[in-house]
Amino acid sequence: MKEKYPFNELEPKWQSYWDEKRLFHADLSNTEQKYYCLMMFPYPSGMLHVGHGRNYIIGDAVARYKKMRGLHVLTPMGWDAFGLPAENAAIKLGIHPRESTFSNIEVMKQQLRSWGCCYDWDREVTSCMPDYYRWTQWLFLKLFESGLAYKAEAPVNWCPSCATVLANEQVVDGACERCESTVEQKSLEQWFFRITAYAQRLVDDLDKLDGWPERVRTMQKNWIGRSEGAQIDFRLVQRDDGEKDPTSIISCFTTRVDTIYGCTYMVLAPEFKELRQMIRGLKTEEAVLQYVLDAAGRSNIERSSDSLEKTGVFTGRYVINRFNGETIPLWVADYVLMEYGTGAVMAVPAHDTRDWAFAKTFALPIRISIQNEDQSLDLQTMEDAYVEDGVVVGSGPFTGLTNREAIPKMAAYAEEHSFGGPKVHYRLRDWLISRQRYWGAPIPIVYCETCGTVPVPESQLPVLLPENVEFKPTGESPLRASAEFMNTTCPACGKPATRESDTMDTFVDSSWYFLRFLNARDETQAVDKTVCNNWLPVDQYIGGIEHAILHLLYARFFTKALHDADLIGFEEPFKHLFTQGMICKRSDKDSKLYKMSKSVGNVVSPEQLIEKYGADTVRVYTLFIGPPEKDAEWNDKSVEGAWRFLKRLWRIVYDHRDLLRSTAAAPVEPAAMEIPERDLYRKVHESIENITSDLDGAFHFNTAIAQIMELMNALDRLKIADDSSDSVKSVFRHAVDTVVLLASPFAPHIAEELWVELGHEDGILSAVWPVVDPDALHRETVEMVLQVNGKNRGKIEVSVNANTESLEEEALAHPSVLKWIDGKTVRKVIVVPGRLVNIAAS
RNA sequence: GGGCGAGUGGUGAAAUUGGUAUACACGCAGGAUUUAGGAUCCUGUGCCGCAAGGUGUGCGGGUUCGAGUCCCGCCUCGCCCACCA
Numbered sequence: 152m153k154e155k156y157p158f159n160e161l162e163p164k165w166q167s168y169w170d171e172k173r174l175f176h177a178d179l180s181n182t183e184q185k186y187y188c189l190m191m192f193p194y195p196s197g198m199l200h201v202g203h204g205r206n207y208i209i210g211d212a213v214a215r216y217k218k219m220r221g222l223h224v225l226t227p228m229g230w231d232a233f234g235l236p237a238e239n240a241a242i243k244l245g246i247h248p249r250e251s252t253f254s255n256i257e258v259m260k261q262q263l264r265s266w267g268c269c270y271d272w273d274r275e276v277t278s279c280m281p282d283y284y285r286w287t288q289w290l291f292l293k294l295f296e297s298g299l300a301y302k303a304e305a306p307v308n309w310c311p312s313c314a315t316v317l318a319n320e321q322v323v324d325g326a327c328e329r330c331e332s333t334v335e336q337k338s339l340e341q342w343f344f345r346i347t348a349y350a351q352r353l354v355d356d357l358d359k360l361d362g363w364p365e366r367v368r369t370m371q372k373n374w375i376g377r378s379e380g381a382q383i384d385f386r387l388v389q390r391d392d393g394e395k396d397p398t399s400i401i402s403c404f405t406t407r408v409d410t411i412y413g414c415t416y417m418v419l420a421p422e423f424k425e426l427r428q429m430i431r432g433l434k435t436e437e438a439v440l441q442y443v444l445d446a447a448g449r450s451n452i453e454r455s456s457d458s459l460e461k462t463g464v465f466t467g468r469y470v471i472n473r474f475n476g477e478t479i480p481l482w483v484a485d486y487v488l489m490e491y492g493t494g495a496v497m498a499v500p501a502h503d504t505r506d507w508a509f510a511k512t513f514a515l516p517i518r519i520s521i522q523n524e525d526q527s528l529d530l531q532t533m534e535d536a537y538v539e540d541g542v543v544v545g546s547g548p549f550t551g552l553t554n555r556e557a558i559p560k561m562a563a564y565a566e567e568h569s570f571g572g573p574k575v576h577y578r579l580r581d582w583l584i585s586r587q588r589y590w591g592a593p594i595p596i597v598y599c600e601t602c603g604t605v606p607v608p609e610s611q612l613p614v615l616l617p618e619n620v621e622f623k624p625t626g627e628s629p630l631r632a633s634a635e636f637m638n639t640t641c642p643a644c645g646k647p648a649t650r651e652s653d654t655m656d657t658f659v660d661s662s663w664y665f666l667r668f669l670n671a672r673d674e675t676q677a678v679d680k681t682v683c684n685n686w687l688p689v690d691q692y693i694g695g696i697e698h699a700i701l702h703l704l705y706a707r708f709f710t711k712a713l714h715d716a717d718l719i720g721f722e723e724p725f726k727h728l729f730t731q732g733m734i735c736k737r738s739d740k741d742s743k744l745y746k747m748s749k750s751v752g753n754v755v756s757p758e759q760l761i762e763k764y765g766a767d768t769v770r771v772y773t774l775f776i777g778p779p780e781k782d783a784e785w786n787d788k789s790v791e792g793a794w795r796f797l798k799r800l801w802r803i804v805y806d807h808r809d810l811l812r813s814t815a816a817a818p819v820e821p822a823a824m825e826i827p828e829r830d831l832y833r834k835v836h837e838s839i840e841n842i843t844s845d846l847d848g849a850f851h852f853n854t855a856i857a858q859i860m861e862l863m864n865a866l867d868r869l870k871i872a873d874d875s876s877d878s879v880k881s882v883f884r885h886a887v888d889t890v891v892l893l894a895s896p897f898a899p900h901i902a903e904e905l906w907v908e909l910g911h912e913d914g915i916l917s918a919v920w921p922v923v924d925p926d927a928l929h930r931e932t933v934e935m936v937l938q939v940n941g942k943n944r945g946k947i948e949v950s951v952n953a954n955t956e957s958l959e960e961e962a963l964a965h966p967s968v969l970k971w972i973d974g975k976t977v978r979k980v981i982v983v984p985g986r987l988v989n990i991a992a993s
């Protein structure tokens, strides 16, 4: 009788076994062959679906494989447990965020377990627990001490419907991610981390991260947006009515200082700080103020969508271009952005498309200062700005230089004459970490009337979140509602003082959790420098591409800042990064492909699948679905393939149980084998070789599993029976052992079960990953393809030792070749040993 | 507009340095076994053609004995950034 594959019995059994054995419990004092395998810790949102599962299944397969390769694996797990969704649920349902968070954690932990994903749970961290956020606050203070945390007034995203501030990443196309209301800009006093101080190092060190996908490095580079150019100061022409100006110079940043002799006007952003005072009392005042007001009313979406039409207004003021002493008009236009550069732009319509459009609209003068190669630029015939390289013309002492030569010379000239100089500009802004919401780590700062802004002393940490607050969306931090929390005494002078009511962005929590895993229960310090230095950087980090910029950039910044504070001895947190693709599924409604998500309603619940097929099938299918770095479409039908494969694996062991158990695995000499088992033996070792290289470095799980399937097919083809020869039996036994070992990182439950069934000691992860026997790979003969003019015309079986001349001879004498070269002249014969012979004839 | 990817059967996808295009799997077709299965096994399956053969990796050229792979020019799709000075 054939036994069915009882996944629903054996999977829970082995999961309990792994729990008991504490499978991935790591002893950190042993740093030999260390391998830190980390998956991005999840936000406890509720239930995981198979799209989330990909991340953990990949990570678990890697951890298991590395362990079998003899590495000392650390693979911890935790929870990114602060955040807005829990707070919104609290507002809606009246449940404290802590409760929903912890019950979600329980569910998700159980889900991970049911997938067979194992972690060192002794090191679990939960960012919303005081034993964690105490140290998040401590790190904030460290940054504050070194001037990397500061408070300043800044515009923030405000959702009027939710009555709360939103993070940049929660604003999608100018609208609130959840309620889709248009987001407004408000100006508030906020806490920032000075990440811009690290801009250059964050760019430079990207080049060292050769274990990262090129795509992510490029995205970070673009985000930091390093731009080399010059700062040029224009002198503001004084008012003749005696009114004082707030400033006498207006600086701008430009990457094209070479075009400055073609500058015919200057433009300010509507938000330019000193603008109001500069135009006070002028005839133009009313028009300018109206324009500024209109521009403020226009959302960012509007400002960028009608990108062709330029609007603006003349301020009534003039500035002087110090290069040529020329007086040019000063305009205001919303195509100049306050967020970038200085909020002022030198306009060169002849050599900038935006300035061109603006000058054409408002009939401003245009002047060529760069000529093209054939000197053919002419304002009469030009239809757009000329932005290419060329020769500098009409530019005083710089005339005749190429524009590339002119850039450094002109910047140096400005520097010599103290009105500017070379300047590097970054697009990166400082990191706004204040959040006016409840479910986050309180910022450990106290405001005292006498002492001002005072950091909470280390001994008073953690600053605990108050319990007795309501979560009604009032627009203020809910912490303000707690008098008990807000009213305190000044740590410096002891007088009554008020606490900071904002909490920290949850990205702060996740910027250092990978360090905390190493001393998760340590009550004396945030990070353990010695252990960190031994175990970091993380050898393999695995997570979604959606974190390519924010989390990964913040974590890199934190690592550098902590390094500079002498808390750790390394500057980059993640040596190798793997970003898996998203799992998508067609929607039932419009049959379009969407990322799997609750809101689209195309989620596949792992529970149902596990019930039907078992966790190993889900794992194998998830890994087999396609290249793991690419997005993949989930197909319920295709799960069957993985399911059949495991059933076959199960059957081959159970159908031959007695034979396998009574046979020694030690293979006989390849030379003594008959052809069928010789071929299988070779196939076994070719598989080992290919699968091992598929798993080292790049993670080619899909092809690795395909190879195991091929090996299974070869196993099935070998006719085995009780009266087979010892040689056949032992090769068969060796092959079955190997298949089970090779499959174990992907389908660990069935592998554990079959491993014991095959008579081995339990605990397949302690077994050694199969090693290639070079003798097994050896072949006596090889099949070679015969081509005539590149077209396949036949095949020959030849000795691997055959020399080129004899191969050429044999090929030319082959009937199917003769047929095709008949009547033609053989011009050339190419022999590629072990592959083909190509005959060029005409 | 800028940057980066990618286009291969009905489908998901393979293919070392340029060397038999479509491995592996899904689906489909035919067959075997089964009076029952959450079935299983065998055979076939790029396209045209009865066949010989031809043809075939988004399109058009090129290099080469030989191109999915290299070069030039297009087209389409995806992602990131974007009035970035």
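152 is the number of the first residue of the first sequence in the numbering used here; add one for each residue after it.
Backbone N, C-alpha and C fix where the C-beta goes; we use that ideal spot for every residue, glycine too.
Give me, in chain order, the residues of the same chain whose beta-carbon lies closer than 6 angstroms to that of residue i; leave out the 5 immediate sequence neighbours on both sides.
i    : result
V487 : V418, A420 and V496
In terms of alpha-carbon separation, which member of the options lies closest to residue i?
i    : options                   : result
M190 : I208, D409 and Q526       : I208
P617 : K736, K302 and E635       : E635
N670 : L317, E828 and W286       : W286
A783 : V201, A894, A177 and F158 : V201
E837 : V923, F665 and S789       : V923
W309 : L294, R215, E331 and A303 : E331
S569 : R386, N786 and S738       : R386
D273 : P724, L225 and S399       : L225
R249 : L263, Q262, W230 and Q261 : W230
D535 : C268, W507 and W590       : W507
With DSSP collapsed to three states, give me the class of residue i.
i    : result
I856 : helix
V224 : strand
Q938 : strand
V276 : strand
E534 : coil
H576 : strand
G204 : helix
T625 : coil
D384 : strand
E296 : helix
C647 : The residue asked about is misnamed: residue 647 is Pro in this sequence, not Cys. Strand at P647.
P779 : coil
G494 : coil
P193 : coil
T976 : coil
Count the other C-beta atoms from every protein chain shown that fall within 10 angstroms of the C-beta of residue i, then say buried if there are 16 or more, exposed otherwise.
i    : result
P606 : buried
N788 : Correcting the residue type first, residue 788 is Lys in the shown sequence and not Asn. It is exposed - the Cβ of K788 has fewer than 16 other Cβ atoms within 10 Å.
S993 : exposed
V213 : buried
K834 : buried
E960 : exposed
D973 : exposed
Apart from the five residues just before and just after residue i, which ones in its own chain have a Cβ nearer than 8 angstroms to its Cβ?
i    : result
E609 : W289 and L292
L426 : L419, V439, V443, T466 and V483
D457 : Because D457 carries a pLDDT of 47, less than 50, the predicted location of this residue cannot be relied on, and no value is offered for it.
A815 : S881 and R884
V538 : H502, D503 and T504
Given residue i, which residues of its chain have a CB within under 7 angstroms of its CB, disregarding the five upstream and five downstream residues?
i    : result
I517 : T415, P500, A501, A510 and L530
H247 : A241
C683 : L666, L669 and I719
My guess is that residue i and residue j are in contact by the Cβ rule of under 8 angstroms, so how many angstroms apart are they, rounded?
i    : j    : result
V678 : I719 : 6 angstroms
A142 : W342 : Examination of residue 142 is not possible in this model, given that the chain is present from 152 through 993 alone.
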